[in-house]
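Asker:
Number of protein chains: 2
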Amino acid sequence: MKNRLKVLRAEHDLTQAKLAELLDVSRQTVNAIEKGKFDPSLPLAFKAARLFKLKIEDIFQDEEV
Amino acid sequence: MKNRLKVLRAEHDLTQAKLAELLDVSRQTVNAIEKGKFDPSLPLAFKAARLFKLKIEDIFQDEEV
DNA sequence: CAGAAAAGTCAAGCAAGCTTTACATAAAGT
DNA sequence: ACTTTATGTAAAGCTTGCTTGACTTTTCTG
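Going down the list, the sequences are from chains A and B. Residue numbering for the first sequence follows my numbering, beginning at 844 and increasing consecutively. Residue numbering for the second sequence follows my numbering, beginning at 844 and increasing consecutively.
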């Protein structure tokens, strides 16, 4: 699962720590998701989408065949 | 998290077992998600969206304030 | 109504998401 | 060079997603 979090953070001038705070998760979680260590839960994906006013699909991209 | 899986199943004339098979999960998992026992993972939400050719938001609705 | 199919549910166990603590590295600015 | 701020990474532990197996209840259908 790919995601555009890093870019969105840059566009909004947010640090991983600040984004984590806005999403109510730990900084390490934001980092791990950006780095592709694991996928976010669906509720967390919704939170990110709401925060950036985007569709989940505009932030996270399934890379399945 | 609410979802329209039951309705979508009905529209497509699918049993929980058949949908489970299409989504590559167990029948109990489909049932539990329909019943709101837990939320699906993001990858599973993507699979469902792809299957029904809908946006994740059209299947699952965040009910957060 | 009887039998079959579908849906509901429970328990035990493994896998994935997320937390905290802690430390390392990098970049950037005085 | 020193300090600060941001990022990367790791281990241990808790919680949630999902599995299998088994059983009950509901709904369809002949």
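Cβ atoms here follow ideal geometry from the backbone N, Cα and C, with glycine treated the same way. These numbers come from a predicted model, not from an experiment.
#1: Taking E854(B) as part of the alpha helix (DSSP H), name the residues at either end of that continuous run.
#2: In the DSSP assignment, what residue or residues form a beta bridge with S869(B)?
#3: Please confirm whether D905(A) has its beta-carbon closer than 7 Å to some beta-carbon of chain B.
#4: Counting C-beta neighbours from all protein chains within 10 Å, is the total for V791(B) 16 or more, i.e. buried, or is it exposed?
#5: Cβ closer than 8 Å: which chain B residues qualify as neighbours of S884(A)?
#6: Straight-line CA distance for K878(B) to L887(B)?
#7: Taking the CB atoms as reference points, tell me whether D882(B) and L848(A) lie closer together than 7 Å.
Answerer: Result, derived from the coordinates:
#1: L848 to E854
#2: Beta-bridge pairing links S869(B) to no other residue.
#3: yes
#4: Chain B is shown from 844 up to 908; residue 791(B) falls before or after that span and cannot be answered.
#5: D882, S884 and L885
#6: 16 Å
#7: no
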